[in-house]
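Chemist:
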Amino acid sequence: DTAVSQTPKYLVTQMGNDKSIKCEQNLGHDTMYWYKQDSKKFLKIMFSYNNKELIINETVPNRFSPKSPDKAHLNLHINSLELGDSAVYFCASSQSIRGARYGYTFGSGTRLTVV
Amino acid sequence: DQQVKQNSPSLSVQEGRISILNCDYTNSMFDYFLWYKKYPAEGPTFLISISSIKDKNEDGRFTVFLNKSAKHLSLHIVPSQPGDSAVYFCAASQGGGKLIFGQGTELSVKP
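Chains A and B, in that order, give the protein sequences. Numbered as in my numbering, the first sequence ends at 115 without a single skipped number. Numbered as in my numbering, the second sequence ends at 1111 without a single skipped number.
(1) Who are asparagine 116(A)'s beta bridge partners in DSSP?
(2) Output needed in chain order: residues of the region 1090-1101 of chain B with a Cβ under 7 Å from some Cβ in chain A.
(3) Should proline 66(A) and leucine 76(A) be called a contact, given that it needs their Cβ atoms to be closer than 8 Å?
(4) Between which two residues does the beta strand (DSSP E) harbouring glutamate 1058(B) extend?
(5) For chain A, find out if any of its Cβ atoms is closer than 8 Å to the Cβ of leucine 1011(B); answer yes or no.
(6) Go ahead and label serine 1019(B) buried or exposed: buried means 16 or more other beta carbons lie within 10 angstroms of its beta carbon, across all protein chains shown.
(7) Please list the partners that glycine 1043(B) has in chain A, where partner means a Cβ-to-Cβ separation under 7 Å.
(8) Using the three-state DSSP reduction, which class does aspartate 30(A) fall into: helix, strand or coil?
(9) Report yes if the CB atom of serine 1080(B) is closer than 8 Å to the CB atom of arginine 1017(B), and no otherwise.
(10) For glutamine 1003(B), which option in Glu53(A), Leu43(A), Gly84(A) and Cys23(A) has the closest C-alpha, if you only look at C-alpha atoms?
(11) Quick one: list the residues of chain B neighbouring arginine 101(A), beta-carbon separation under 8 Å, in chain order.
(12) Give every residue of the same chain whose Cβ lies closer than 8 Å to the Cβ of proline 1082(B), excluding the five residues on either side of it in the sequence, and list them in chain order.
(13) Roughly how many angstroms lie between the CA atoms of glutamate 53(A) and aspartate 85(A), to the nearest whole one?
(14) If I measure Cβ to Cβ from glycine 109(A) and keep anything under 8 Å in the same chain, skipping five residues before and after, which residues do I get?
(15) In angstroms, rounded to a whole number, what distance separates the CA positions of valine 1064(B) and aspartate 18(A)?
(16) Consider the Cβ of threonine 7(A): report whether some Cβ of chain B lies at a distance smaller than 8 Å.
(17) Report, in whole angstroms, the separation of the C-beta atoms of glutamate 1106(B) and serine 1010(B), which I expect to be a contact under 8 Å.
(18) Hey, would you say valine 118(A) sits closer than 8 Å to alanine 100(A), going by beta carbons?
(19) Fully enclosed by the region 1016-1054 of chain B, which beta strand (DSSP E) runs are 3 residues long or longer?
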């Protein structure tokens, strides 16, 4: 039973489209995250939510909007997709904000390709 | 400005020998350091962590060493096995749940 699952695994779409990536965790964790791995392989935080409340919002274009309907779900909606949005997006969770020290649990990633 | 750096993009080691992966950081306020392992097409998997007040933590074949004066940490894998071949990421905790990752080192363990 997958602990952190994200869908879809692959997403190919045209510039200008709007798309969503869904994430669900069944670990009972309070905190969820979105990370982006760019072409240079850096993993950079985009957002974090703790009990549905936005905690971290890095300097991400406002075309990216996270939505947390409950603490087990954190979805990422992207408007007006651009070529530079092509990357692998990882969802993750931790027991709490302080739980990052014990390691996040990551999903397997969504490879987004904008053409 | 990259606060966590892994300067070696790749490392090749013979099976049974020691693998040493290195990581440097610039921010002395980091409170925890972590190592993750990543296979292709999978998410990173947590391996081991160390508090900034410790200098060593061991878990089976994996040991992490922290040198605060040099702002340097390393992951030792002994003995290395072919299944250890993966990309290893160093990460630092800045509080608020945020982890800052290095760019990874690809380890190849040859039989």
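For every residue, glycine included, the Cβ atom is placed at its ideal position computed from N, Cα and C. Nothing here was measured: the structure is a model prediction, and the numbers come from that model.
Modeler: By the coordinates alone:
(1) A question about residue 116(A) goes unanswered here, because the residues of chain A that appear run from 1 up to 115.
(2) Residues passing the 7 Å Cβ filter: Ser1093, Gly1096, Gly1097, Lys1098, Leu1099 and Phe1101.
(3) In the first sequence, counting from the first residue as 1, residue 66(A) sits at position 66. In the first sequence, counting from the first residue as 1, residue 76(A) sits at position 76. Contact flag set, yes.
(4) Working through the second sequence from its first residue, we reach residue 1058(B) at position 58. Residues 1056-1059.
(5) Stepping through the second sequence from its first residue, residue 1011(B) is reached at position 11. Chain A, which has no Cβ nearer than 8 Å to the Cβ of leucine 1011(B), makes this no.
(6) Numbered from its first residue, the second sequence carries residue 1019(B) at position 19. Burial call: buried.
(7) Here residue 1043(B) is taken as the residue at index 43 of the second sequence, counted from 1. The contacting residues are Phe90, Phe106, Gly107, Ser108 and Gly109.
(8) Your numbering for residue 30(A) matches position 30 in the first sequence. In the structure shown, aspartate 30(A) sits in coil (DSSP, three-state: anything other than H, G, I, E or B).
(9) Stepping through the second sequence from its first residue, residue 1080(B) is reached at position 80. Stepping through the second sequence from its first residue, residue 1017(B) is reached at position 17. A contact, by the Cβ cut-off of 8 Å.
(10) Residue numbering aside, residue 1003(B) sits at position 3 when the second sequence is read from its first letter. Considering only alpha carbons, the answer is Leu43(A).
(11) Within the first sequence, residue 101(A) is the residue found at index 101, counting from 1. Those are Asp1031, Tyr1032, Leu1034, Ser1049, Ser1051 and Ser1093, listed as they occur along chain B.
(12) Your numbering for residue 1082(B) matches position 82 in the second sequence. For proline 1082(B), where only same-chain residues beyond five positions count, the Cβ hits under 8 Å are Glu1015, Val1109, Lys1110 and Pro1111.
(13) On the first sequence, position 53 is the one that residue 53(A) refers to. On the first sequence, position 85 is the one that residue 85(A) refers to. Cα to Cα, the separation comes out at about 25 Å.
(14) Position 109 of the first sequence, counted from the start, is the residue given in the question as residue 109(A). So the qualifying residues of the chain are Gln6, Lys9, Gln37, Val88, Tyr89 and Phe90.
(15) Here residue 1064(B) is taken as the residue at index 64 of the second sequence, counted from 1. Here residue 18(A) is taken as the residue at index 18 of the first sequence, counted from 1. Approximately 43 Å, taken between the alpha carbons.
(16) Within the first sequence, residue 7(A) is the residue found at index 7, counting from 1. Not one chain B Cβ lies under 8 Å of threonine 7(A).
(17) Here residue 1106(B) refers to the residue found at position 106 when the second sequence is read from its first residue. Here residue 1010(B) refers to the residue found at position 10 when the second sequence is read from its first residue. Contact between glutamate 1106(B) and serine 1010(B) is confirmed by a C-beta separation of about 5 Å, below the 8 Å threshold.
(18) Any answer about residue 118(A) is impossible in this case: the structure gives chain A only from 1 up to 115.
(19) 1019-1025, 1032-1038 and 1045-1051
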